[in-house]
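Student: Residue numbers (our numbering), protein chains in the order written: chain A, 1 to 374; chain B, 1 to 374.
Got a structure for you, written out below as structure tokens; questions coming shortly.
In structure tokens:
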């Protein structure tokens, strides 16, 4: 490719040669037809009248989309308008009043055309790059989705449901709930530090940890799955066993369906679970270190009775970024007030907050609801 | 923003107003200074001589990078050259021979400028998108790296080493090796279907599966970790327990360091392991279904004696795409010939094949070597 520019000069046999000669002298490489093998930077069409423009311009615009400069002998202002309307970039009068204006127009056309093509090429490359990574993450997202529990499930006297909105594709938040034996339901919410693929790996570990403990209960009556503190101890060991700085905040709960009691443990999780006792909502008390930070942490187990009409909500801290209030305290108060209003109607609560598919948030946002069956 | 274009007309108080008037009549919005609050599409500088151009053009180019059209009264060809050299896009002679040429130049400048800016904005957005996804995948890659064994390790009489080149960031290939008790070494190679984040999740499960079996051996003498067939049964259950269509081909091996024997099982893995017995290389025999495809598959265990100077190589099928031969059979023959030549020098073998950091391959490429300590 010529550095100055590769031009095609088409048109009238009396006009084109002289223009070609001048452009060649100015350093351009000039051809007299638009072959598909050459890469052109601009086309100059030099003709006697408008009828010849139409024929030549049509192929330039449809097949090559090149910058086009038309020269018409003794062009009237009507000619100029018609040529520009037909899609030419420029229409000048021939003979030229000054060759240096044509030269400037050609030079800038070539520069802009090349700059545009470069950007366009880079753009297409970037689009392919994004698409490749997105496809990859989408596939990972599908695997993660397959590990989540059913969107809603009735376990003994409670309806469990959740909403999980990853900020990217793979979530560092995770939830699960399932029946254990005939009289217990177990649930947890986990929020692994960061978001995306790295914490996503840890959610897989936590999912399987609970699944294995559940299997051990079924196979040989191992009771760890019914002890939130034991499960947090195992989760702590599991996350520590991978040599990364990933840690997680968690809430693990076990519901005794016969006694209608909830046993739970907290691993550094905020906001705390919200319990609606049938008349008012309050944060459950409790504390404990996140899991995956240090060895040998012990978590306390807390117990509450679940009255008729009780419902429980657990959120990842991403919910705090969705709330509009300007301080953590105000956000927590707002969440409490909302849950009093929407207790038992978790889906409506999330709709009110705009937490639904398509939400664009800086962090993963997750809610887990346990609502008394009416 | 004016649809036709937002122009700044600067310069001489005798020339600028008349030009502004004509441009306003042509539909442009015209300002007489470059404020930073307005978004301009082009600047017209109309002046008496070159000295005034320099001052005005400097700020246009340095602060605004806008298309610039300079009009100089009775411009000489020397003036034109100097103005263009100073960085203006166009320099025309004033009074204009034809206003319609200036109008065309402005129109095209505005169109190109806007088109360029649009592409540029889209480009920057795409670049941020790629960077975000890349950072995310890099973080995931780090977690996966942290689960891989040390790059090389001496276990009893053998040096173990590996090379794993993901085709994207997260690998669907995985390897591990470790001592079990005082007299055994265990290793495996796994190639989960596909590549990227989705199979990456499965490699985490396989890593932890072997780690748990190892822990059970240490804690209570559970011998599953010393039985390749048992480990493949567990791996099969593990992958089936997640509801995706992910499956893996694997080779699991257990070396008895006292007896210098190798027990191994094959789960649909190709190429088969290559054993160099001290004098020649051959593929180990064996077959078995991949894991994660169907329940209740049984894998056979095979035994070989490891002679002095023996070395073993395991590859993921990505290696076959690196080899140049045009059929699977020829590729397998070539790999065998190479391993005969480079037995005990796995690193040199990979260098010969170009398998090193920075390799760009359509699939993950992994090699695991076990080489007699000299």
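Virtual Cβ for every residue (Gly too), placed ideally from N, Cα, C.
Source: prediction; values computed, not measured.
I want to see whether chain A comes within less than 7 Å of residue 108 of chain B, judged by CB atoms only; does it?
Tutor: Sequence index remark: in the second chain, residue 108 of chain B carries index 108 (1-based). Yes, contact with chain A.
Student: On the CB-based measure, 16 or more other CB atoms within 10 Å of its CB, does residue 269 of chain B come out buried or exposed?
Tutor: Locating residue 269 of chain B in the second chain gives position 269, counting from the first residue. So residue 269 of chain B ends up on the buried side.
Student: With distances taken between CB atoms, is the gap from residue 252 of chain B to residue 314 of chain B smaller than 7 Å?
Tutor: Within the second chain, the letter at position 252 stands for residue 252 of chain B. Within the second chain, the letter at position 314 stands for residue 314 of chain B. No.
Student: Against chain B, with Cβ distances strictly below 7 Å, would residue 90 of chain A count as a contact?
Tutor: In the first chain, the residue the question calls residue 90 of chain A occupies position 90. With 7 Å as the cut-off, residue 90 of chain A counts as an interface residue toward chain B.
Student: Output needed in chain order: residues of the stretch 93 to 107 of chain A with a Cβ under 8 Å from some Cβ in chain B.
Tutor: Against chain B - using a Cβ distance shorter than 8 Å - the residues of the stretch 93 to 107 of chain A are 93, 97, 98, 100, 101, 104, 105.
Student: Within 7 Å (strictly less), CB to CB, does residue 152 of chain B reach chain A?
Tutor: On the second chain, position 152 is the one that residue 152 of chain B refers to. Not closer than 7 Å to any Cβ of chain A, the Cβ of residue 152 of chain B fails to qualify, so no.
Student: Listing by chain order, which chain B residues have their CB less than 8 Å from the CB of residue 243 of chain A?
Tutor: Position 243 of the first chain, counted from the first residue, corresponds to residue 243 of chain A. Those within 8 Å of residue 243 of chain A in chain B are 146, 147.
Student: Taking 7 Å as the threshold (C-beta atoms), are residue 339 of chain B and residue 425 of chain B in contact?
Tutor: No statement about residue 425 of chain B is possible, as the shown extent of chain B runs from 1 to 374 and does not include it.
Student: Who are the near neighbours of residue 194 of chain A in its chain, counting only those whose CB is closer than 6 Å to its CB and skipping five residues on each side?
Tutor: Residue 194 of chain A sits at position 194 when you count from the first residue of the first chain. 172.
Student: Cβ of residue 180 of chain B less than 7 Å from any chain A Cβ?
Tutor: Reading the second chain from its first residue, position 180 is the one you call residue 180 of chain B. So no, residue 180 of chain B is outside the interface.
Student: I need the straight-line Cα distance from residue 55 of chain B to residue 48 of chain B, nearest angstrom please.
Tutor: Indexing the second chain from 1 puts residue 55 of chain B at position 55. Indexing the second chain from 1 puts residue 48 of chain B at position 48. Distance between the alpha carbons of residue 55 of chain B and residue 48 of chain B: 13 Å.
Student: Using 8 Å as the Cβ pair cut-off and three pairs as the minimum, do the stretch 32 to 52 of chain A and the stretch 63 to 82 of chain A touch?
Tutor: A contact exists between the stretch 32 to 52 of chain A and the stretch 63 to 82 of chain A.
Student: For the candidate residues B:206, B:204, B:205, B:231, whose alpha-carbon lies nearest to that of residue 217 of chain B?
Tutor: Counting from one through the second chain, the residue named residue 217 of chain B turns up at place 217. Nearest of B:206, B:204, B:205, B:231 to residue 217 of chain B, Cα basis: B:231.
Student: Buried or exposed: residue 308 of chain A, going by 16 or more other Cβ atoms within 10 Å of its Cβ?
Tutor: On the first chain, residue 308 of chain A is found 308 positions in, with the first residue counted as 1. So residue 308 of chain A ends up on the exposed side.
Student: Tell me the rounded alpha-carbon separation between residue 140 of chain B and residue 146 of chain B.
Tutor: Against the second chain, residue 140 of chain B aligns to sequence position 140. Against the second chain, residue 146 of chain B aligns to sequence position 146. Distance between the alpha carbons of residue 140 of chain B and residue 146 of chain B is about 10 Å.
Student: Count the other CB atoms within 10 Å of the CB of residue 366 of chain A; is the residue buried (16 or more) or exposed (fewer)?
Tutor: The count along the first chain starts at 1 and reaches residue 366 of chain A at position 366. Buried, since its Cβ has 16 or more Cβ neighbours within 10 Å.
Student: From residue 110 of chain B to residue 97 of chain A, what does the alpha carbon distance come to, in whole angstroms?
Tutor: Taking the first residue of the second chain as 1, we reach residue 110 of chain B at position 110. Taking the first residue of the first chain as 1, we reach residue 97 of chain A at position 97. Taking the straight line from one Cα to the other gives about 24 Å.
Student: In three-state DSSP terms, what is residue 253 of chain B?
Tutor: Position 253 of the second chain holds residue 253 of chain B. Residue state, collapsed to three classes: strand.
Student: Please classify residue 3 of chain B as buried or exposed, where buried requires at least 16 neighbouring CB atoms within 10 angstroms.
Tutor: In the second chain, the residue the question calls residue 3 of chain B occupies position 3. That one is exposed.
Student: If the cut is a Cβ gap below 8 Å, which residues of chain A does residue 296 of chain B touch?
Tutor: The residue you call residue 296 of chain B lines up with position 296 of the second chain. Neighbours of residue 296 of chain B on chain A: none; closest Cβ ~17 Å, over 8 Å.
Student: Sort B:81, B:107, B:119 by Cα distance to residue 103 of chain A and report the nearest one.
Tutor: Against the first chain, residue 103 of chain A aligns to sequence position 103. Answer by Cα proximity: B:81.
Student: Just curious, the alpha helix (DSSP H) that residue 373 of chain A is in, first and last residue?
Tutor: Taking the first residue of the first chain as position 1, residue 373 of chain A is located at position 373. It is not in any alpha helix (DSSP H) - residue 373 of chain A carries neither H nor E in the DSSP assignment.
Student: On the three-state DSSP scale, how would you describe residue 202 of chain B?
Tutor: Numbered from its first residue, the second chain carries residue 202 of chain B at position 202. Correct three-state label for residue 202 of chain B: helix.
Student: So, for residue 302 of chain A: in the same chain, excluding its five sequence neighbours on each side, which residues have a beta-carbon less than 6 Å away from its beta-carbon?
Tutor: Within the first chain, the letter at position 302 stands for residue 302 of chain A. 264, 286.
Student: Using a cut-off of 8 Å between C-beta atoms, extract the partners of residue 231 of chain B located in chain A.
Tutor: In the second chain, residue 231 of chain B corresponds to position 231, counting from 1. Per Cβ cutoff of 8 Å: no residues; residue 231 of chain B is ~16 Å from chain A at best.
Student: Suppose you measure from the CA of residue 199 of chain A to the CA of residue 130 of chain A; what does that come to, to the nearest Å?
Tutor: As a position in the first chain, residue 199 of chain A is number 199, starting the count at 1. As a position in the first chain, residue 130 of chain A is number 130, starting the count at 1. Roughly 21 Å between the two C-alpha positions.
Student: Just to confirm my understanding: we take residue 134 of chain B, look at its own chain, exclude 5 residues before and 5 after, and list those with CB closer than 8 Å. What are they?
Tutor: Within the second chain, numbered from 1, the residue matching residue 134 of chain B stands at position 134. Cβ neighbours of residue 134 of chain B beyond the five flanking positions: 169.
Student: When you compare the CB of residue 325 of chain A with every CB in chain B, is at least one pair closer than 7 Å?
Tutor: The count along the first chain starts at 1 and reaches residue 325 of chain A at position 325. Chain B contact via Cβ: absent.
Student: Determine the direct distance from the alpha carbon of residue 132 of chain A to that of residue 177 of chain A, and round the result to whole angstroms.
Tutor: One-based indexing of the first chain puts residue 177 of chain A at position 177. One-based indexing of the first chain puts residue 132 of chain A at position 132. Approximately 34 Å, taken between the alpha carbons.
Student: If contacts are defined as beta-carbon pairs under 8 Å, then residue 311 of chain B and residue 344 of chain B qualify, I think. What distance do you get, rounded to the angstrom?
Tutor: Counting from one through the second chain, the residue named residue 311 of chain B turns up at place 311. Counting from one through the second chain, the residue named residue 344 of chain B turns up at place 344. Sure, about 5 Å apart at Cβ, within 8 Å.
Student: Between residue 290 of chain B and residue 244 of chain B, is the Cβ-Cβ spacing less than 7 Å?
Tutor: Counting from one through the second chain, the residue named residue 290 of chain B turns up at place 290. Counting from one through the second chain, the residue named residue 244 of chain B turns up at place 244. Contact: no.
Student: Please give the ranges of any alpha helix (DSSP H) in the stretch 285 to 345 of chain B, keeping only runs that are unbroken, at least 4 residues long and fully inside the region.
Tutor: Qualifying alpha helix (DSSP H) stretches, in chain order: 318 to 322, 328 to 342.
Student: List, in chain order, every chain A residue whose beta-carbon is nearer than 7 Å to that of residue 112 of chain B.
Tutor: Here residue 112 of chain B is taken as the residue at index 112 of the second chain, counted from 1. Chain A residues near residue 112 of chain B: 112.
Student: Are the beta-carbon atoms belonging to residue 332 of chain B and residue 362 of chain B less than 7 Å from one another?
Tutor: Translated into the one-based positions of the second chain, residue 332 of chain B becomes position 332. Translated into the one-based positions of the second chain, residue 362 of chain B becomes position 362. Taking 7 Å as the Cβ cut-off, residue 332 of chain B and residue 362 of chain B do not qualify as a contacting pair.
Student: With residue 81 of chain A as the anchor, note down where its alpha helix (DSSP H) starts and where it stops.
Tutor: For the purposes of this step, residue 81 of chain A is taken as the residue at position 81 of the first chain. First-last of the alpha helix (DSSP H) with residue 81 of chain A: 77 to 85.
Student: From this set, A:208, A:159, A:185, which residue's C-alpha is nearest residue 174 of chain A's C-alpha?
Tutor: As a working mapping, residue 174 of chain A is identified with position 174 in the first chain. Nearest of A:208, A:159, A:185 to residue 174 of chain A, Cα basis: A:208.
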